[in-house]
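First comes the structure, then the notes that go with it.
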């Protein structure tokens, strides 16, 4: 009876780890789509203005934390990819501002 509860706990930890890893990737993809849309102007959304560039600085750490927790629970590549993707997204606003200052001289 004790071994069945251990298997259930292990399956639950793996499932929760996978869900957190996928959630991390979904949040990162949403932010990426907003940034690409902002830079390309494919769908014009005037209400957002510069928000898609600034959002990753605030949301990416929380999304990366989901990926880190998922990685500790499952050790899967999905969570690891989510962590790396969110770290790159965290740097996007800073790179955008630095390059804008260098090339546009504002």
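Residue numbers (this note's numbering): 3 to 108. From the three backbone atoms N, C-alpha and C, an ideal C-beta is built for every residue, glycine too.
Buried or exposed by the 16-neighbour rule on C-beta atoms within 10 Å, applied to residue 85: buried
Residue 48 in three-state terms, based on DSSP: coil
Member of 61, 80 and 56 whose CA lies at the smallest distance from the CA of residue 29: 61
Pairwise C-alpha distance: residue 37 and residue 55: 6 Å
CA-to-CA distance, residue 89 to residue 82, given in whole angstroms: 11 Å
Residue 13, buried or exposed, once every other Cβ within 10 Å from all chains shown has been counted against 16: exposed
Distance, residue 32 Cα to residue 93 Cα: Straight-line Cα distance between these residues: approximately 16 Å.
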